[in-house]
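Chains as they are written, first to last, in the working numbering: chain C, 74 to 336; chain E, 2 to 412. All residues carry an ideal CB built from backbone N, CA and C; glycine is no exception. Please read the structure below before turning to the comments.
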């Protein structure tokens with residue numbers, strides 16, 4: 074028997090397939106686009122094909138993410154907070170603090186050290202500092218989203234500060250900085266530090282002593298080493314990042330599917 | 002627009018109550034009927050001998066009732082407009098006049114309704130400096146708009162004996178102000194009757210809140226929604242006693258029969274401050290997640306019976322006992338007590354936008370409830386303005402909170 078977890082986010086739809094022992098066999102990340110049902114089908118088909126597993130051999134599916142109610146034939150829909158907690162415990166056991174930045178929200182999750190959520194906080198009111206924010210900034214900078222981490226590494230740092238975190242205003246501020254001749258790596262660094270400052274405030278709400286906890290980061294934004302470094306610096310610790318950070322939620326969902334099927 | 006609404010509501014509920022079977026729930030409808038009657042009195046054209054006062058939330062409505070004044074807190078109108086889906090043009094009107102969307106939407110709604118000519122002209126106004134100064138500003142603004150006299154009660158921050166003396170003295174001066182407006186002196190017999198009715202209602206409220214602590218919680222989804230604050234408008238009248246008795250009897254019956262107000266109650270929640278007033282899927286989301294709101298912060302009796310021999314001191318003590326007055330530690334202590342009394346698993350703080358009471362103490366409240374083992378979910382919603390409601394985000398927060406509470410053994 075195999076178990077599938079599907080995480081339908083605003084930017085990407087992620088799927089992970091695990092075997093009876095809970096070992097990940099395959100994963101996929103596809104853009105969610107405007108029709109998330111199609112993205113779900115594509116992600117599902119990809120992992121089954123990669124692992125050479127037939128639909129009939131699926132022992133259970135658990136969905137998560139904002140589109141979790143759109144997955145048909147699921148055992149359960151579980152929130153991404155619980156799924157990320159479960160997923161990170163499988164990949165980085167003993168994690169006590171998880172920062173998850175996805176397409177449209179940021180979360181700080183305090184864990185008990187065995188994958189259970191003790192407390193969580195989510196971004197208030199607006200989605201500044203999330204994946205969508207970085208996507209807009211990369212567009213304004215005319216660089217690939219995947220290059221932001223590498224550009225940040227080239228910055229001398231702290232020469233620039235962004236005054237607005239509103240996506241629209243920050244975008245125009247970035248455009249102005251480019252026009253004024255600011256170096257792109259410095260702008261990227263400033264963006265990352267601004268995200269880190271917001272994230273730090275979020276983390277402090279659940280873990281005032283974040284520096285003493287084993288901390289990790291998940292979600293697509295964790296692929297950006299510049300953001301990971303900046304948040305770690307703000308919190309006074311080094312954030313661990315699992316090998317596939319964007320599929321942590323889907324992995325957690327797959328593991329919950331395995332548990333639920335057994336019970 | 003508003004008067005026909007209350008008239009239709011009144012006749013509709015009255016007719017419905019006539020047809021209800023003996024075992025059908027009626028308390029909420031009985032309560033709504035009294036609110037509709039109040040609405041009709043407030044919004045009807047002026048009639049000889051009838052006086053209307055717009056007030057702050059903490060005004061002594063039973064004392065005003067004893068003086069023959071129909072009174073109501075202005076925020077009631079904001080909530081009513083939101084619940085009927087009519088609030089957006091009012092908010093837009095206030096914003097068009099320059100009010101920031103960061104201002105409290107209860108107050109923006111009242112301001113907008115005034116600008117649209119929907120607020121009835123009062124005979125006079127009474128502001129209370131607690132629970133918020135925004136409320137004072139709205140009442141002041143109404144007084145200026147209608148060119149009617151205003152009395153401001155400065156609720157002291159100190160809640161000890163000196164605070165009581167100071168506030169009781171202001172209430173006496175308020176009576177003198179009302180007498181001047183109405184031309185009629187306060188009748189001691191009528192005051193005594195009003196205080197006796199207040200005390201009768203109080204006893205019944207204590208009983209019904211005690212019953213609401215049962216497991217499973219006997220109150221249905223909207224039974225006690227907006228109850229504690231709004232019943233205050235009826236205090237000093239037979240109506241308050243009748244409504245409280247109906248609730249008491251109904252909850253008693255349900256507790257005896259073990260009937261859950263919210264079927265499938267797995268986790269029990271304490272709701273802080275105000276509910277979301279406009280129609281939203283929030284309550285359904287909570288219930289789908291197995292969560293029942295078993296107690297609202299404002300549904301509690303924090304005051305002792307009013308001493309018939311010293312009514313002004315008794316009323317002053319009651320005002321000061323409301324935990325939205327004075328230092329926040331008192332509010333936190335009440336929340337901790339409610340959390341224990343009702344054996345809640347978690348608490349929900351809507352953190353109403355633009356409200357310092359709602360958001361200012363967010364961290365302190367979280368810490369205070371954490372001390373008694375109760376996690377808090379901060380929703381960050383506007384309770385009146387539906388334009389910024391984001392159901393997807395809220396659903397994730399609510400479901401994740403319910404999952405967290407279930408993992409802790411709450412469900």
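Task: Below-9 Å beta-carbon distance, residue 155 of chain C vs any chain E residue - done: The sequence position of residue 155 of chain C within the first chain is 82, counting from 1. Interface residue (Cβ-Cβ distance to chain E less than 9 Å): residue 155 of chain C is classified as such.
- [ ] Using a Cβ cut-off of 9 Å (strictly closer), state whether residue 80 of chain C contacts chain E.
- [x] On the first chain, position 7 is the one that residue 80 of chain C refers to. Not an interface residue.
Open item on the list: If the cut-off is 7 Å on Cβ atoms, which residues from the stretch 184–201 of chain C count as contacting chain E, listed in chain order?
Closed with: Flagged, chain order: 189, 190, 192, 193, 195, 197, 198.
TODO: On the DSSP bridge assignment, give the partners of residue 129 of chain E in chain order.
DONE: One-based indexing of the second chain puts residue 129 of chain E at position 128. Paired residues: E/154.
Task: Simplified DSSP assignment, three categories, for residue 132 of chain C - done: Your numbering for residue 132 of chain C matches position 59 in the first chain. Three-state DSSP puts residue 132 of chain C in a strand.
TODO: Starting from residue 172 of chain C, follow the beta strand (DSSP E) in both directions and report where the run begins and ends.
DONE: The sequence position of residue 172 of chain C within the first chain is 99, counting from 1. Here the beta strand (DSSP E) through residue 172 of chain C covers 170–174.
Open item on the list: For a quick check, are the C-beta atoms of residue 187 of chain E and residue 68 of chain E less than 9 Å apart?
Closed with: Locating residue 187 of chain E in the second chain gives position 186, counting from the first residue. Locating residue 68 of chain E in the second chain gives position 67, counting from the first residue. Cβ distance < 9 Å, so residue 187 of chain E and residue 68 of chain E count as in contact.
Task: Selection from C/297, C/166, C/331, C/129 that minimises the alpha carbon distance to residue 186 of chain C - done: Counted from its first residue, the first chain places residue 186 of chain C at position 113. It is C/166 whose Cα lies nearest to the Cα of residue 186 of chain C.
Open item on the list: Give me, in chain order, the residues of the same chain whose beta-carbon lies closer than 8 Å to that of residue 240 of chain E; leave out the 5 immediate sequence neighbours on both sides.
Closed with: By 1-based counting over the second chain, the position of residue 240 of chain E is 239. 35, 38, listed in sequence order.
TODO: From the DSSP output, in three-state form, read off residue 393 of chain E for me.
DONE: Sequence index remark: in the second chain, residue 393 of chain E carries index 392 (1-based). Three-state result, residue 393 of chain E: helix.
TODO: Would you identify the three-state DSSP class for residue 281 of chain E, choosing helix, strand or coil?
DONE: If you number the second chain from 1, residue 281 of chain E lands on position 280. Of the three classes helix, strand and coil, the one that applies to residue 281 of chain E here is coil, per DSSP.
TODO: Find the nearest neighbour of residue 299 of chain E within the set E/318, E/272, E/281, E/291, judged by alpha-carbon distance.
DONE: The count along the second chain starts at 1 and reaches residue 299 of chain E at position 298. The option with the nearest alpha carbon to residue 299 of chain E is E/272.
Open item on the list: Pop quiz: residue 247 of chain C and residue 290 of chain C are said to be a contact at Cβ under 8 Å. What is the actual Cβ separation, rounded to whole angstroms?
Closed with: Working through the first chain from its first residue, we reach residue 247 of chain C at position 174. Working through the first chain from its first residue, we reach residue 290 of chain C at position 217. Actually they do not touch by this definition, with Cβ atoms about 24 Å apart.
TODO: State the beta-bridge partners of residue 376 of chain E as determined by DSSP.
DONE: As a first step, residue 376 of chain E must be located in the second chain, where it is residue number 375. Beta-bridge pairing by DSSP links residue 376 of chain E to no other residue.
- [ ] Output, in chain order, the set of chain E residues within a Cβ distance shorter than 7 Å of residue 152 of chain C.
- [x] Along the first chain, one-based indexing puts residue 152 of chain C at 79. Correct list: 397, 400, 401, 404.
- [ ] For residue 147 of chain E, write down the residues that DSSP places opposite it in a beta bridge.
- [x] Within the second chain, the letter at position 146 stands for residue 147 of chain E. Among the bridge pairs identified by DSSP, residue 147 of chain E is matched with none.
- [ ] Compile a chain-ordered list of the residues in the stretch 369–386 of chain E whose CB is closer than 7 Å to at least one CB of chain C.
- [x] When C-beta distances to chain C are compared with 7 Å, the residues of the stretch 369–386 of chain E below that value are 376, 381, in chain order.
Task: DSSP three-state assignment for residue 329 of chain E, whether helix, strand or coil - done: Translated into positions along the second chain, residue 329 of chain E becomes position 328. Residue state, collapsed to three classes: helix.
Task: Within 8 Å of chain E by C-beta, residues of the stretch 307–324 of chain C in sequence order - done: From the stretch 307–324 of chain C, no residue has a Cβ closer than 8 Å to chain E.
Task: Within-9 Å CB hit, residue 364 of chain E to chain C - done: As a position in the second chain, residue 364 of chain E is number 363, starting the count at 1. Under the 9 Å criterion on CB atoms, residue 364 of chain E is classed as interfacial with respect to chain C.
Open item on the list: For the pair the stretch 156–164 of chain E and the stretch 349–368 of chain E, tell me if three or more CB-CB distances fall below 8 Å.
Closed with: Counting Cβ pairs under 8 Å, fewer than three are found: no touch.
TODO: Throw me the rounded Cβ distance for the residue 401 of chain E and residue 296 of chain E pair, which I believe falls under 8 Å.
DONE: Here residue 401 of chain E is taken as the residue at index 400 of the second chain, counted from 1. Here residue 296 of chain E is taken as the residue at index 295 of the second chain, counted from 1. Residue 401 of chain E to residue 296 of chain E, Cβ: 22 Å. No contact.
- [ ] Would you check if the stretch 391–400 of chain E and the stretch 166–182 of chain E touch, i.e. whether three or more CB-CB distances between them fall below 8 Å?
- [x] By the C-beta criterion, the stretch 166–182 of chain E is judged not to be in contact with the stretch 391–400 of chain E, since fewer than 3 inter-stretch pairs fall below 8 Å.
TODO: For the stretch 3–12 of chain E and the stretch 293–313 of chain C, state whether three or more C-beta atom pairs, one from each stretch, are separated by less than 8 Å.
DONE: Flag = no, the stretch 3–12 of chain E and the stretch 293–313 of chain C do not touch.
- [ ] Can you grab the Cα-Cα spacing for the pair residue 148 of chain C / residue 133 of chain C, in whole Å?
- [x] Start at 1 with the first residue of the first chain, and residue 148 of chain C comes out as number 75. Start at 1 with the first residue of the first chain, and residue 133 of chain C comes out as number 60. Going by the C-alpha atoms only, they are around 6 Å apart.
Task: Which residues DSSP lists as bridging residue 13 of chain E, in chain order - done: What you label residue 13 of chain E is simply residue 12 of the second chain in a count that begins at 1. None; residue 13 of chain E has no bridge partner.
TODO: Enumerate, from N- to C-terminal direction, the unbroken beta strand (DSSP E) stretches of 3 or more residues contained entirely within the stretch 191–277 of chain E.
DONE: Within the stretch 191–277 of chain E, the complete beta strand (DSSP E) segments of 3 residues or longer fall at 268–272, listed in chain order.
TODO: Examine chain C for any beta-carbon lying closer than 9 Å to the beta-carbon of residue 337 of chain E, and answer yes or no.
DONE: For the purposes of this step, residue 337 of chain E is identified with residue 336 of the second chain, where counting begins at 1. Not a single C-beta of chain C is nearer than 9 Å to the C-beta of residue 337 of chain E.
Task: residue 137 of chain C versus residue 107 of chain C: straight-line alpha-carbon distance, rounded - done: As a first step, residue 137 of chain C must be located in the first chain, where it is residue number 64. As a first step, residue 107 of chain C must be located in the first chain, where it is residue number 34. Taking the straight line from one Cα to the other gives about 18 Å.
- [ ] Compare the C-beta of residue 143 of chain C against all C-beta atoms of chain E and say whether one is closer than 9 Å.
- [x] As a first step, residue 143 of chain C must be located in the first chain, where it is residue number 70. Closer than 9 Å: no.
Task: First and last residue of the uninterrupted alpha helix (DSSP H) at residue 192 of chain C - done: The residue labelled residue 192 of chain C in the question sits at position 119 within the first chain. Segment 190–195 is the beta strand (DSSP E) holding residue 192 of chain C; no alpha helix (DSSP H) there.
Open item on the list: residue 78 of chain C and residue 177 of chain C - do their beta-carbons sit closer together than 9 Å?
Closed with: Taking the first chain and counting its residues from 1, the one referred to as residue 177 of chain C is at position 104. Taking the first chain and counting its residues from 1, the one referred to as residue 78 of chain C is at position 5. Not closer than 9 Å, so no.
Open item on the list: Assuming the contact rule is C-beta atoms closer than 8 Å, residue 86 of chain C and residue 116 of chain C should be a hit. Round their C-beta distance to whole Å, please.
Closed with: Residue 86 of chain C sits at position 13 when you count from the first residue of the first chain. Residue 116 of chain C sits at position 43 when you count from the first residue of the first chain. Between residue 86 of chain C and residue 116 of chain C the beta-carbon gap is near 5 Å, inside 8 Å, which marks them as a contact.
Task: C-alpha distance - residue 242 of chain C paired with residue 271 of chain C, whole-angstrom precision - done: Reading the first chain from its first residue, position 169 is the one you call residue 242 of chain C. Reading the first chain from its first residue, position 198 is the one you call residue 271 of chain C. A direct Cα-to-Cα measurement between residue 242 of chain C and residue 271 of chain C gives close to 16 Å.
Task: Minimum Cβ-Cβ distance from residue 408 of chain E to chain C less than 9 Å - done: Sequence index remark: in the second chain, residue 408 of chain E carries index 407 (1-based). So, interface residue.
Task: Contact list for residue 139 of chain C against chain E, beta-carbon separation under 7 Å - done: Working through the first chain from its first residue, we reach residue 139 of chain C at position 66. Residues of chain E passing the Cβ test: 393, 397.
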